[in-house]
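>
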Amino acid sequence: MAKIPNEQLIKAIADKFDTQVTVVGEPYELLTVETGREQIIDLLTFLKTDAELKFAFLTDITAIHYPEQEKQIGVIYHLHSLTTNTRIRIKVFLTDGDVHIPSATVLWDGANWMERETYDFFGVIFDGHPDLRRILNVDDMTAFPMRKEFPLEDPNRVDKKDFYFGR
Amino acid sequence: MSDIQLVDAPAGVEGAGFFATSLDKAIGIARSNSLWPLPFATSCCGIEFMATMASHYDLSRFGAERLSFSPRQADLLMVMGTISKKMAPVLRQVYLQMAEPRWVIAVGACASSGGIFDTYSVLQGIDEVIPVDVYVPGCPPRPEAIIDGFMNIQELVKTETLRRRSEPKYQALLAKYGIQ
Chain A
197 MAKIPNEQLI
207 KAIADKFDTQ
217 VTVVGEPYEL
227 LTVETGREQI
237 IDLLTFLKTD
247 AELKFAFLTD
257 ITAIHYPEQE
267 KQIGVIYHLH
277 SLTTNTRIRI
287 KVFLTDGDVH
297 IPSATVLWDG
307 ANWMERETYD
317 FFGVIFDGHP
327 DLRRILNVDD
337 MTAFPMRKEF
347 PLEDPNRVDK
357 KDFYFGR
Chain B
25 MSDIQLVDAP
35 AGVEGAGFFA
45 TSLDKAIGIA
55 RSNSLWPLPF
65 ATSCCGIEFM
75 ATMASHYDLS
85 RFGAERLSFS
95 PRQADLLMVM
105 GTISKKMAPV
115 LRQVYLQMAE
125 PRWVIAVGAC
135 ASSGGIFDTY
145 SVLQGIDEVI
155 PVDVYVPGCP
165 PRPEAIIDGF
175 MNIQELVKTE
185 TLRRRSEPKY
195 QALLAKYGIQ
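Those sequence lines, one after another, are chains A and B. The numbering used here applies: residue 197 is where the first sequence begins, and numbers increase by one. The numbering used here applies: residue 25 is where the second sequence begins, and numbers increase by one.
1) Would you say residue 251/A and residue 276/A are within 8 angstroms of each other, going by their C-beta atoms?
2) Select from 153/B, 84/B, 204/B the residue whose C-alpha is nearest the C-alpha of residue 103/B.
3) Would you kindly work out how many angstroms separate the C-alpha atoms of residue 238/A and residue 214/A, rounded to a whole number?
4) Evaluate contact between the segment 93-110 of chain B and the segment 119-134 of chain B, counting only Cβ atoms and requiring at least three cross-stretch pairs below 8 angstroms.
5) I want to see whether chain A comes within less than 8 angstroms of residue 94/B, judged by CB atoms only; does it?
6) Note down, in chain order, each residue of its chain lying with its Cβ closer than 8 angstroms to the Cβ of residue 341/A, except the 5 sequence neighbours on either side.
7) Would you mind telling me which residues of chain B sit closer than 8 angstroms to residue 349/A, beta carbon to beta carbon, in chain order?
8) Excluding sequence positions up to five away, which residues of its chain have a Cβ less than 7 angstroms from the Cβ of residue 48/B?
9) Once the 5 residues before and after residue 289/A are set aside, which same chain residues still bring their CB inside 6 angstroms of it?
10) Under 8 angstroms, Cβ to Cβ, is there at least one residue of chain D near residue 334/A?
11) Under 9 angstroms Cβ-Cβ, which residues of chain B neighbour residue 359/A?
12) Among 63/B, 95/B, 115/B, 85/B, which residue has its Cα nearest to the Cα of residue 121/B?
13) So the beta strand (DSSP E) residue 211/A belongs to, where does it begin and stop?
14) Out of 174/B, 134/B, 97/B, 132/B, which has the shortest C-alpha to C-alpha gap to residue 118/B?
15) So residue 311/A and residue 257/A are supposed to be a Cβ contact under 8 angstroms. How far apart are they, rounded?
16) Is it true that the CB of residue 135/B sits closer than 8 angstroms to the CB of residue 105/B?
17) Which chain B residues sit within Cβ distance under 9 angstroms of residue 346/A?
18) By DSSP, does residue 127/B sit in helix, in strand, or in coil?
19) Judging by CA-CA distance, which residue of 141/B, 181/B, 90/B, 176/B is the nearest neighbour of residue 353/A?
20) Look at the alpha carbon of residue 361/A and the alpha carbon of residue 151/B, and state the distance between them as a whole number of angstroms.
21) Going by DSSP, which residues form a beta bridge with residue 285/A?
22) What separation, rounded to the nearest whole angstrom, lies between the Cα atoms of residue 93/B and residue 165/B?
23) Taking the alpha carbon of residue 198/A as the point to measure from, which residue in 315/A, 278/A, 323/A has its own alpha carbon closest?
24) With C-beta atoms as the reference, is residue 132/B less than 8 angstroms away from residue 173/B?
25) Report buried or exposed for residue 201/A, applying the criterion of at least 16 other Cβ atoms within 10 angstroms of its Cβ.
26) Going by DSSP, what residue range makes up the alpha helix (DSSP H) through residue 114/B?
27) Considering residue 179/B, what are the terminal residues of the alpha helix (DSSP H) in which it resides?
28) Based on the DSSP secondary-structure assignment, which residues constitute the bridge partners of residue 191/A?
29) Looking at residue 217/A and residue 235/A, is the spacing between their C-beta atoms short of 8 angstroms?
30) Below 7 angstroms between beta carbons is the criterion; list the residues of the segment 318-343 of chain A that meet it against any residue of chain B, in chain order.
31) Relative to chain A, which residues along the segment 82-115 of chain B have a C-beta separation below 7 angstroms, given in chain order?
32) Counting Cβ pairs closer than 8 angstroms, one from the segment 35-48 of chain B and one from the segment 71-91 of chain B, do we hit at least three?
33) Does residue 202/A get closer than 8 angstroms to chain B when you measure Cβ to Cβ?
34) Quick check on DSSP: helix, strand or coil for residue 65/B?
Here you go:
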């Protein structure tokens, strides 16, 4: 089947969700929409189960940190329709102090590790996740290293201190 | 005439039909020429070590024929490559499982200091978790450098006292790492 045109995709989403889902843009023809955490599972369910769209494949769940924005933490979903070879990107932005979002493991088992990774690096808490703990970093780590506030260099390292260089 | 050079005998009392030396020295020679290395190779330095083991450089010349991929009866832990923080407890456990006497070489920039990976996930030198005897510089070091590091270990092994473990200095070093 041919790729679904973005206009058709926007219309299908708008018919169902009205103003709850806004279109952010189409960079490189990849439709990008934004929604809130109240609608995210409904939107994902619709995209996955709709008879025409069939976005059955969850490519990735990840996050991004914009420290200058009011809603700093963004959770990003990438979906792929294998039958029509169409892709879509969904963004949900959360405020720093309240980084809860419902888990997508109810729709895809594969979301399990993606959400653990997103929690590990950005500290996003996926409500309803069966086993939300660190996956790649050491267990006793206290920070979320992919946030922009995290220092880029290892603070334990002493051999680059100024006094070793007479400064 | 053969151009093979023989190593001099250690200092001792020599006479007609006998030669006496201290047990320390005899054991030291035996140990240093029969080291069993445990290669702990995680990245590029490990590939360089494979060349060191292969026919051209042939680490076996030094009595290190038997590479042990188990801490059991291995004497020398050779850490070659980047050790992530998540790997650190594993490395430490391998070291703890080795029986005394044991020595450690950190091969290459990553094992010695974290190398270029000055990040949250990489251990900034294996000496943060286990004591190290010899550091081999390089990124990655050439096989000659690894052999040089190995020969430095041999020199250590040869000249150390028989029971290094019971020395206060060594015990203090291990205590610093929270080992026994």
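Virtual Cβ for every residue (Gly too), placed ideally from N, Cα, C.
Per the coordinate set shown:
1) The count along the first sequence starts at 1 and reaches residue 251/A at position 55. The count along the first sequence starts at 1 and reaches residue 276/A at position 80. Cβ distance < 8 angstroms, so residue 251/A and residue 276/A count as in contact.
2) Along the second sequence, read from residue 1 onward, the residue named residue 103/B stands at position 79. Selected option, being the one with the closest Cα: 153/B.
3) The residue you call residue 238/A lines up with position 42 of the first sequence. The residue you call residue 214/A lines up with position 18 of the first sequence. If you take the alpha carbons of residue 238/A and residue 214/A, they lie about 13 angstroms apart.
4) Yes, since at least three Cβ pairs between the segment 93-110 of chain B and the segment 119-134 of chain B fall closer than 8 angstroms, the two stretches touch.
5) For the purposes of this step, residue 94/B is identified with residue 70 of the second sequence, where counting begins at 1. No, residue 94/B lies away from the interface with chain A (no Cβ there is under 8 angstroms from its Cβ).
6) As a working note, residue 341/A is residue 145 in the first sequence. Closer than 8 angstroms at Cβ, skipping near neighbours: 317, 333.
7) As a working mapping, residue 349/A is identified with position 153 in the first sequence. Under the 8 angstroms cutoff, chain B gives 142, 143.
8) By 1-based counting over the second sequence, the position of residue 48/B is 24. Correct list, in chain order: 185, 186.
9) In the first sequence, counting from the first residue as 1, residue 289/A sits at position 93. Excluding residues within five positions, the ones whose Cβ falls inside 6 angstroms are 267, 270.
10) In the displayed structure, chain D is absent; the protein chains listed are A and B.
11) One-based indexing of the first sequence puts residue 359/A at position 163. Residues of chain B passing the Cβ test: none, with the nearest at roughly 17 angstroms.
12) Residue 121/B sits at position 97 when you count from the first residue of the second sequence. When C-alpha distances from residue 121/B are compared across 63/B, 95/B, 115/B, 85/B, the shortest belongs to 95/B.
13) To locate residue 211/A, count along the first sequence from 1; it is residue 15. That residue, residue 211/A, is in no beta strand (DSSP E); its alpha helix (DSSP H) goes 202-213.
14) Position 94 of the second sequence holds residue 118/B. It is 97/B.
15) Here residue 311/A refers to the residue found at position 115 of the first sequence. Here residue 257/A refers to the residue found at position 61 of the first sequence. Residue 311/A to residue 257/A, Cβ: 6 angstroms. Contact.
16) Here residue 105/B corresponds to residue number 81 of the second sequence, with the count starting at 1. Here residue 135/B corresponds to residue number 111 of the second sequence, with the count starting at 1. Yes; because the gap between Cβ atoms is below 8 angstroms, this pair is in contact.
17) Numbered from 1 along the first sequence, position 150 holds the residue referred to as residue 346/A. Under the 9 angstroms cutoff, chain B gives 144.
18) Looking up residue 127/B in the second sequence gives position 103. DSSP places residue 127/B within a strand segment (E or B) once states are collapsed to three.
19) What you label residue 353/A is simply residue 157 of the first sequence in a count that begins at 1. If we check each option's Cα against that of residue 353/A, 141/B comes out closest.
20) To locate residue 361/A, count along the first sequence from 1; it is residue 165. To locate residue 151/B, count along the second sequence from 1; it is residue 127. Note on geometry: alpha-carbon atoms of residue 361/A and residue 151/B lie some 22 angstroms from one another.
21) Here residue 285/A refers to the residue found at position 89 of the first sequence. Within the DSSP bridge table, the entry for residue 285/A names 228/A, 274/A as partners.
22) If you number the second sequence from 1, residue 93/B lands on position 69. If you number the second sequence from 1, residue 165/B lands on position 141. Computed Cα separation, rounded: 22 angstroms.
23) For the purposes of this step, residue 198/A is taken as residue 2 along the first sequence, with counting starting at 1. For the set 315/A, 278/A, 323/A, the Cα lying nearest the Cα of residue 198/A is the one of 278/A.
24) Counting from one through the second sequence, the residue named residue 132/B turns up at place 108. Counting from one through the second sequence, the residue named residue 173/B turns up at place 149. No, the pair does not count as a contact, with Cβ atoms beyond the cut-off.
25) The residue labelled residue 201/A in the question sits at position 5 within the first sequence. Flag for residue 201/A reads exposed.
26) For the purposes of this step, residue 114/B is taken as residue 90 along the second sequence, with counting starting at 1. Taken as a continuous stretch (DSSP letters only), the alpha helix (DSSP H) holding residue 114/B covers 112-121.
27) What you label residue 179/B is simply residue 155 of the second sequence in a count that begins at 1. Residue 179/B -> alpha helix (DSSP H) spans 167-183.
28) This structure gives no information on residue 191/A, because the portion of chain A shown stretches from 197 to 363.
29) Position 39 of the first sequence holds residue 235/A. Position 21 of the first sequence holds residue 217/A. Against a cut-off of 8 angstroms, the Cβ pair of residue 217/A and residue 235/A comes out as a contact.
30) For chain B, the residues of the segment 318-343 of chain A that bring a beta carbon within less than 7 angstroms of one of its beta carbons are 333, 334, 341, in chain order.
31) Within the segment 82-115 of chain B, those residues whose Cβ lies closer than 7 angstroms to any Cβ of chain A are, in chain order, 109, 110.
32) The count of Cβ pairs closer than 8 angstroms, one atom from the segment 35-48 of chain B and one from the segment 71-91 of chain B, stays below three, leaving the stretches out of contact.
33) Indexing the first sequence from 1 puts residue 202/A at position 6. So, not an interface residue.
34) The residue you call residue 65/B lines up with position 41 of the second sequence. Under the three-state reduction of DSSP, residue 65/B is assigned to strand.
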